[in-house]
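Count the sequence shown with the numbering used here and you get residues 485 to 791, in order.
Please read the structure below before turning to the comments.
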Amino acid sequence: MNIKIIPQAQLEKQSNKVSIIRQTPLLFYPNPQTLYSHRAKRLQTLTATSPFSNYLDFCEKIVTAQAKLLETKPIKIDLTDTVASATANNLAPLSISHYPLSTQWMDYMYPIMDAVIDVNDAINSTIHDLKNNTQDELLNKATALLTDQLATVDSKESLFIWSALSLYYCQLASQLPGKAVSQSSQQNWLCPVCASSPVASVIHMGDNIGLRYLHCSLCESEWHVPRAQCTNCDNLENITYYSLDNELSAIKTECCERCHSYLKIFSQEKEPHLDIIADDIDSLLLDMETEKQQFAKSGINPLLFSA
Ligand SMILES: [Zn+2]
Ligand SMILES: [Zn+2]
């Protein structure tokens with residue numbers, strides 16, 4: 485099962501073919517209006533008790549800047565044609581191979597950097613270097629990050645570039661005029677909206693209780709994936725779970741014995757206030773323990789490129 489986004493009009497034309505529309509909600513577009521304020525609040529809460537409180541405090545400054553920019557410099561773009569041509573070409577509508585990268589995200593990067601100026605000398609030096617980059621240099625670095633060449637960009641620079649890109653793509657994703665349908669094709673665990681990697685997976689509560697979704701590291705959409713299946717190689721066997729406290733912990737790592745990767749899995753039912761990106765940082769001790777068992781993380785945390 486793979487998830488594809490098709491234009492609303494096309495979905496209506498196909499509505500007699502009900503077999504393609506599953507009962508399970510396949511995709512949740514992000515809601516930037518609540519996402520950043522909720523994340524900033526969650527970071528504040530976690531900072532009080534976390535072993536990584538200094539870093540969470542730094543992240544909170546970035547997220548608060550993202551929330552403010554959403555109000556002062558919102559983006560509104562008509563993406564009707566984008567969805568139609570992506571469907572025709574079988575591509576994720578906001579993937580860089582389909583939707584060319586503009587320079588709009590750069591307007592976000594400078595205020596985000598200004599929000600953490602004087603945190604420490606290393607950060608100041610990164611900010612200084614990035615401010616001296618030309619527009620072309622910044623576009624090249626952003627393109628490298630969006631095409632999975634993470635190692636070619638300094639991780640401290642990546643954090644600022646990605647925070648700006650993410651605010652841009654999150655708004656676009658929230659405005660996509662398309663519906664998600666499932667289709668049979670080769671498995672693909674990248675985001676069906678922007679083709680980026682997930683941060684982690686989350687078991688939903690409420691109407692979708694018990695269903696698992698992957699959370700996108702770039703546009704913050706969430707898409708459905710079955711449980712107990714490796715999200716890196718599709719393996720269904722020998723999946724092992726680790727947690728720090730006990731079996732009922734809200735946060736576990738799901739480890740695949742075949743490809744030796746792992747991804748964190750969060751339970752909203754056990755921790756209704758969680759924010760995947762904030763809680764992923766707060767639970768870094770679990771990553772350290774899982775990595776001691778020779779598993780490598782397959783997710784990307786946008787506020788943690790230096791990990
Ligand atoms: Zn995405
Ligand atoms: Zn695997």
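Note that the Cβ used here is the ideal one computed from N, Cα and C, for glycine as well.
Which value, in whole angstroms, describes the spacing of the CA atoms of residue i and residue j?
i    : j    : result
G783 : D562 : 30 Å
C743 : F779 : 9 Å
K625 : N608 : 19 Å
D591 : Q777 : 42 Å
I735 : Q494 : 39 Å
S669 : N486 : Residue placement at S669 is flagged as unreliable, the pLDDT there being 48, under the threshold of 50; a coordinate-derived value is accordingly withheld.
I490 : F789 : 32 Å
V637 : L720 : 34 Å
I687 : E755 : 10 Å
G694 : S733 : 15 Å
L702 : V683 : 9 Å
M772 : Q492 : 44 Å
L698 : C654 : 15 Å
Got a sec? Which residues, its chain only, sit under 6 Å from residue i by beta carbon, not counting five neighbours each side?
i    : result
A791 : Note that A791 has pLDDT 42, beneath the 50 cutoff, so the model's placement of it is unreliable and no number is given.
L728 : L770
I505 : At I505 the pLDDT is 43, less than 50, meaning the model places this residue with poor confidence; the figure from the coordinates comes in the next sentence. None.
E741 : N722
A712 : I723
Does the separation of the CB atoms of residue i and residue j fall below 7 Å?
i    : j    : result
E704 : F512 : no
V603 : F536 : no
W589 : Y539 : no
T610 : K640 : yes
P514 : A657 : yes
D764 : K748 : yes
Return the chain-ordered list of same chain residues with a C-beta closer than 7 Å to the C-beta of residue i, the five sequence neighbours on each side being excluded.
i    : result
I546 : I596, A599, V600, S647 and L787
Excluding five sequence neighbours on each side, which residues of the same chain lie with their C-beta closer than 8 Å to the C-beta of residue i?
i    : result
A576 : I489, A570, H582, L674, C675, P676, V677, C678 and A679
Margin query: My parser needs the beta strand (DSSP E) runs of 3 or more residues fully inside the stretch 551-624; what are they?
Written below: none
Next item on the list: Go through the stretch 515-546 residue by residue and report every complete run of the alpha helix (DSSP H) that reaches 4 residues or more, in order.
Entry: 516-531
Notebook entry, point to check: Looking at C-beta atoms only, is the number of pairs between the stretch 622-637 and the stretch 515-535 that lie closer than 8 Å three or more?
Noted result: no
Checklist line | Runs of alpha helix (DSSP H) wholly within the stretch 687-764 (minimum 4 residues, chain order) | finding: none
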